[in-house]
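> Position in the first sequence (from 1) plus 549 gives the number in this note's numbering.
We put the beta carbon where it would ideally sit given N, CA and C, even for glycine.
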Amino acid sequence: MSVRVRYAPSPTGSPHVGNIRDALFKHLFAKHHKGVNILRIEDTDRTRFIPGVEEEIVESLNWMGIEFQEGFGAGGDHGPYRQSERKELGIYDKWIKVLMERGHAYKAFETAEELDEMREFQKINKQNFGYFGGMWRDATPEQVEAAEAAGKAFVIRQRMPKNSTIVIEDAIRGRVEFDSNTVDDAVLINGDGMPTYHFAAMVDDHLMGITHIMRGEEWISSAPKHAALFDSFGWERPIFVHCPVINGKDGKKLSKRHGDTKCLDFRAAGYLPHTLGNFIALIGWAPGGDRELMTMDELCEAFDLGGLQPAPGVFDMDKLNWMNGHYLRQLSPSEIVTKVREFALAESTAEYWEREANADKSVMPGLLLLNSAAATDLELVERAVQLEQERVVTLAEFGEACAFFFQDEPPFDPKAIEKWFAVPHARQLLEDLVTRFEGVVSCTPEDCESFIRSWAETNAMEKIGPVVHPTRVAMTGKTVGPGLFELMAALGPARIVKRAKRALAQI
RNA sequence: GGUCCGGUCGUCUAGCGGUUAGGAUGCUGCCCUUUCACGGCGGAGGUCGCGGGUUCAAAUCCCGUCCGGACUACCA
550 MSVRVRYAPS PTGSPHVGNI RDALFKHLFA KHHKGVNILR IEDTDRTRFI PGVEEEIVES
610 LNWMGIEFQE GFGAGGDHGP YRQSERKELG IYDKWIKVLM ERGHAYKAFE TAEELDEMRE
670 FQKINKQNFG YFGGMWRDAT PEQVEAAEAA GKAFVIRQRM PKNSTIVIED AIRGRVEFDS
730 NTVDDAVLIN GDGMPTYHFA AMVDDHLMGI THIMRGEEWI SSAPKHAALF DSFGWERPIF
790 VHCPVINGKD GKKLSKRHGD TKCLDFRAAG YLPHTLGNFI ALIGWAPGGD RELMTMDELC
850 EAFDLGGLQP APGVFDMDKL NWMNGHYLRQ LSPSEIVTKV REFALAESTA EYWEREANAD
910 KSVMPGLLLL NSAAATDLEL VERAVQLEQE RVVTLAEFGE ACAFFFQDEP PFDPKAIEKW
970 FAVPHARQLL EDLVTRFEGV VSCTPEDCES FIRSWAETNA MEKIGPVVHP TRVAMTGKTV
1030 GPGLFELMAA LGPARIVKRA KRALAQI
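(1) Mark residue 837 as exposed unless 16 or more other C-beta atoms lie within 10 angstroms of its C-beta, in which case mark it buried.
(2) Throw me the rounded Cβ distance for the residue 793 and residue 861 pair, which I believe falls under 8 Å.
(3) Going straight from the alpha carbon of residue 727 to that of residue 795, what length do you get?
(4) Considering only residues of the same chain and omitting the five flanking positions on each side of residue 736, which have a CB-CB separation below 6 Å?
(5) Do you know how far the Cα of residue 878 is from the Cα of residue 884?
(6) Taking 9 Å as the cut-off, decide whether the C-beta atoms of residue 942 and residue 857 are in contact.
(7) Based on Cα-Cα distance, which residue from 915, 786, 773 and 755 lies nearest to residue 731?
(8) Could you tell me whether the stretch 973-982 touches the stretch 1044-1052, where touching means 3 or more Cβ pairs closer than 8 Å?
(9) For residue 1042, I'd like the list of residues in its chain whose CB is within less than 6 Å of its CB, leaving aside the five on either flank, ordered along the chain.
(10) Quick one: is residue 936 buried, meaning 16 or more other Cβ sit within 10 Å of its Cβ, or exposed?
(11) By Cβ distance, which residues of its chain are closer than 6 Å to residue 922, with the 5 residues on each side in sequence left out?
(12) Could you say if the stretch 680-692 and the stretch 807-819 meet the contact criterion of at least three C-beta pairs nearer than 8 Å?
(13) Exposed or buried, residue 558, counting other C-beta atoms within 10 Å across all chains shown (16 or more means buried)?
(14) Look at the alpha carbon of residue 505 and the alpha carbon of residue 679, and state the distance between them as a whole number of angstroms.
(15) Cutting at 6 Å between CB atoms, please list the residues of its own chain near residue 696, excluding the five before and the five after it.
(16) CA-CA distance, residue 917 and residue 893?
(17) Determine contact between the stretch 605-622 and the stretch 582-595, defined as no fewer than three beta-carbon pairs at a distance below 8 Å.
(18) Return the CA-CA distance between residue 1037 and residue 1015, expressed in angstroms with no decimal places.
(19) On the three-state DSSP scale, how would you describe residue 718?
(20) Are the beta-carbon atoms belonging to residue 752 and residue 640 less than 9 Å from one another?
(21) Sorted by chain position, which residues of the same chain lie with C-beta nearer than 8 Å to residue 872's C-beta, five sequence neighbours on each side aside?
(22) Am I right that residue 702 and residue 740 are in contact with their C-beta atoms under 8 Å? What's the rounded C-beta distance?
(23) For residue 1018, which of 975, 1040, 1008 and 1006 has the nearest alpha-carbon?
(24) Leaving aside the five residues before and after residue 654 along the sequence, list all residues of the same chain whose C-beta is less than 7 Å from its C-beta, in chain order.
(25) Residues in the same chain with beta-carbon distance under 7 Å from residue 787, minus the five sequence neighbours each way, listed in chain order, please.
(26) Are the CB atoms of residue 1027 and residue 962 within a distance shorter than 9 Å?
(27) Could you compute how far the alpha carbon of residue 714 sits from the alpha carbon of residue 617?
(28) Per DSSP, what kind of secondary structure is residue 945 in: helix, strand or coil?
(29) Is residue 765 helix, strand or coil when you go by DSSP?
(30) What is the rounded straight-line gap between the Cα of residue 596 and the Cα of residue 886?
(31) Please state the DSSP three-state secondary structure of residue 654.
(32) CB residue 613 to CB residue 573, shorter than 9 Å?
(33) In chain order, what residues of the same chain have a beta carbon less than 7 Å from the beta carbon of residue 899, not counting five sequence neighbours either side?
(34) On the DSSP bridge assignment, give the partners of residue 723 in chain order.
(35) By the three-class DSSP mapping on this structure, what secondary structure does residue 730 have?
(36) Across which residues does DSSP place residue 792 in a beta bridge pair?
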């Protein structure tokens, strides 16, 4: 039988890296087995629905290259793939009726207040929390009829079997046993007639032929409810795969205080989708051996349940940065220029960098400058990008890193001036620089190098450092950056002269 | 309170009864070198949570214990 898995997000918030990793695992698993990955929207709780999130889910998934062969936005024979629509079609009504008829579900008429009281009582008396039958599990048909006749609101609860052991075979953890008496009677249909996750997801998983229920480990404790549901219907249980979650550096659940966690924020921050994918695939899963840097195809090829980790992992930004720098270095300058330009122009990029949290970083001006420079002098931009790509970690950094190439008057770092324009030979050096390149049409890195070296030699300098540094400050305003000769050649004689003259005014 | 899950360098992990416990990242030293990076070569960092067993032999198997986490909603 071919593998069928589903990614079933709830449109209550933009997907964070944990959600996306969940989706990635399913994509890899489905691809590996040439199976089907299904996208299903779990929007049964209308009160928590946030407009626009469905779009963000799709956008995140598309950006990451996570594919669906079936489901929301992809079509298929098991639709609709939005649970609210399935509810309208009466799918859940039909199946809850079956459950009721078989005695595996019952109506419960407690009010919210009564339930609160019950929980309070349980807490005070140190009893197990939860609804284990209440007033209605064993109510007589007459009592139920009377309550209905009185127009009381009700929910439909699962009648968990008593005094039995429910065994879950988890693909990662193996056999997990539960005493059914410790599992409460979950609400299957709420007071509005909407199915809850416990019911809708399991019915859909069966109807959609899901073979593996892959989900976060936070679901382990409700697995017995789900298993019991499948048993009650007489359906074959899918294989449960409870994946480890991703935590923040402090070992706690990922949240805003860990910085960016939304998938799309990583895009806006300048990370490559493949970096994020490769990186998060390795949290909670390993291909065995020492493999780390892998293409999407390699990940698909290598992915198996056996490599899944039982313990939660921590999201390590340092390693993400390293990996992004690595992949950035593998791109050609023209590929990078294209990416940076798209990146600079994307609305989400500006939105991200204008946020208060990023107010201290000036990223957009450089990005925009690079973009407009590319329109007039693509060659310069490509050379600039090529020279900077080995010292940059994200797309966002290219703007600022390359800025001095395109600025008419790149700002001087005061400390750089202090240090290198104060040397006794600075003036003469810059004047000679002007003389050498004035009126020259073009120059190669070799031309620049020979100028610097011979200048050092004729001025009896043992090393070229004292010649290079003042020149660098004159050319870029900074003390750090690409190799001087390459950078000068990219700038060209005209700019070299102009900048040398400008620097002379600073001495 | 209850149920369940988890535990190898700071972090991600390899390991599946016999290894000097390996790799990556981060930190760090050296080399390269015009700076910063990149790259190359080293180093520090793990009593495999702890305590018992089983075994000639345990990170690997068993038990206990501690610590961490999840769930315990008419949310997912």
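Reading it off the structure:
(1) Against the first sequence, residue 837 aligns to sequence position 288. The residue in question, residue 837, is exposed, as its Cβ has fewer than 16 Cβ neighbours within 10 Å.
(2) The residue labelled residue 793 in the question sits at position 244 within the first sequence. The residue labelled residue 861 in the question sits at position 312 within the first sequence. About 5 Å separates the beta carbon of residue 793 from that of residue 861, a gap short enough to meet the 8 Å contact definition.
(3) As a position in the first sequence, residue 727 is number 178, starting the count at 1. As a position in the first sequence, residue 795 is number 246, starting the count at 1. A straight-line Cα-Cα distance of about 25 Å links residue 727 and residue 795.
(4) Counted from its first residue, the first sequence places residue 736 at position 187. Beyond the five residues adjoining it in sequence on each side, residue 736 comes within less than 6 Å, by CB distance, of 704, 706 and 745 in the same chain, given in chain order.
(5) Residue mapping note: residue 884 aligns to position 335 of the first sequence, counting from 1. Residue mapping note: residue 878 aligns to position 329 of the first sequence, counting from 1. In this structure, the CA atom of residue 884 is about 11 Å from the CA atom of residue 878.
(6) In the first sequence, residue 942 corresponds to position 393, counting from 1. In the first sequence, residue 857 corresponds to position 308, counting from 1. For residue 942 and residue 857, no; Cβs fall outside 9 Å.
(7) Along the first sequence, read from residue 1 onward, the residue named residue 731 stands at position 182. Distances from the alpha-carbon of residue 731 to those of 915, 786, 773 and 755 put 773 closest.
(8) Because the criterion of three Cβ pairs below 8 Å is met, the stretch 973-982 and the stretch 1044-1052 touch.
(9) Numbered from 1 along the first sequence, position 493 holds the residue referred to as residue 1042. Hits under 6 Å: 986, 989 and 992.
(10) Counted from its first residue, the first sequence places residue 936 at position 387. Residue 936 should be labelled buried.
(11) Here residue 922 refers to the residue found at position 373 of the first sequence. Once the five neighbours on either side are set aside, the close Cβ partners of residue 922 are 930 and 955.
(12) No: the two stretches stay apart, fewer than three of their Cβ pairs being nearer than 8 Å.
(13) Your numbering for residue 558 matches position 9 in the first sequence. So residue 558 ends up on the buried side.
(14) Residue numbering for the chain in the displayed model covers 550 to 1056; residue 505 lies beyond these limits and cannot be assessed.
(15) Along the first sequence, read from residue 1 onward, the residue named residue 696 stands at position 147. So the qualifying residues of the chain are 658.
(16) Start at 1 with the first residue of the first sequence, and residue 917 comes out as number 368. Start at 1 with the first residue of the first sequence, and residue 893 comes out as number 344. Between residue 917 and residue 893, the alpha-carbon positions lie close to 6 Å from each other.
(17) As far as the Cβ criterion goes, the stretch 605-622 touches the stretch 582-595, which means the pair count is three or higher.
(18) By 1-based counting over the first sequence, the position of residue 1037 is 488. By 1-based counting over the first sequence, the position of residue 1015 is 466. Near 17 Å, if we compare the C-alpha coordinates of residue 1015 and residue 1037.
(19) In the first sequence, counting from the first residue as 1, residue 718 sits at position 169. When DSSP states are grouped into helix, strand and coil, residue 718 belongs to the strand group.
(20) For the purposes of this step, residue 752 is identified with residue 203 of the first sequence, where counting begins at 1. For the purposes of this step, residue 640 is identified with residue 91 of the first sequence, where counting begins at 1. Taking 9 Å as the Cβ cut-off, residue 752 and residue 640 qualify as a contacting pair.
(21) The sequence position of residue 872 within the first sequence is 323, counting from 1. 824, 827, 828 and 842.
(22) Locating residue 702 in the first sequence gives position 153, counting from the first residue. Locating residue 740 in the first sequence gives position 191, counting from the first residue. The Cβ separation is near 5 Å, so the contact holds.
(23) Here residue 1018 refers to the residue found at position 469 when the first sequence is read from its first residue. The candidate whose alpha carbon is nearest that of residue 1018 is 975.
(24) Your numbering for residue 654 matches position 105 in the first sequence. The beta carbon of residue 654 sits closer than 7 Å to the beta carbons of 645, 648, 705, 706, 707, 708 and 737 from its chain, once the five residues preceding and following it are set aside; these are given in chain order.
(25) Locating residue 787 in the first sequence gives position 238, where the first residue counts as 1. Listed in chain order, the non-local C-beta contacts of residue 787 below 7 Å within the same chain comprise 754, 759, 760, 761 and 762, local neighbours out to five positions each way being set aside.
(26) By one-based count along the first sequence, residue 962 stands at place 413. By one-based count along the first sequence, residue 1027 stands at place 478. The criterion of a C-beta distance shorter than 9 Å is satisfied by residue 962 and residue 1027.
(27) Counting from 1 along the first sequence, the entry for residue 714 is found at position 165. Counting from 1 along the first sequence, the entry for residue 617 is found at position 68. C-alpha separation (whole angstroms): 37 Å.
(28) Against the first sequence, residue 945 aligns to sequence position 396. Looking at residue 945 - three-state DSSP - the assignment turns out to be helix.
(29) The residue labelled residue 765 in the question sits at position 216 within the first sequence. Under the three-state reduction of DSSP output, residue 765 falls in the strand class.
(30) The residue given as residue 596 occupies position 47 in the first sequence. The residue given as residue 886 occupies position 337 in the first sequence. Their Cα atoms are separated by approximately 44 Å.
(31) For the purposes of this step, residue 654 is identified with residue 105 of the first sequence, where counting begins at 1. Three-state result, residue 654: strand.
(32) By one-based count along the first sequence, residue 613 stands at place 64. By one-based count along the first sequence, residue 573 stands at place 24. Yes, the pair counts as a contact, with Cβ atoms nearer than the cut-off.
(33) One-based indexing of the first sequence puts residue 899 at position 350. The residues 913, in chain order, have a CB closer than 7 Å to that of residue 899 in the same chain once the five nearest residues on each side in sequence are set aside.
(34) Counted from its first residue, the first sequence places residue 723 at position 174. Its beta-bridge partners are 719.
(35) Taking the first sequence and counting its residues from 1, the one referred to as residue 730 is at position 181. When DSSP states are grouped into helix, strand and coil, residue 730 belongs to the helix group.
(36) For the purposes of this step, residue 792 is taken as residue 243 along the first sequence, with counting starting at 1. Answer is 765, bridged to residue 792.
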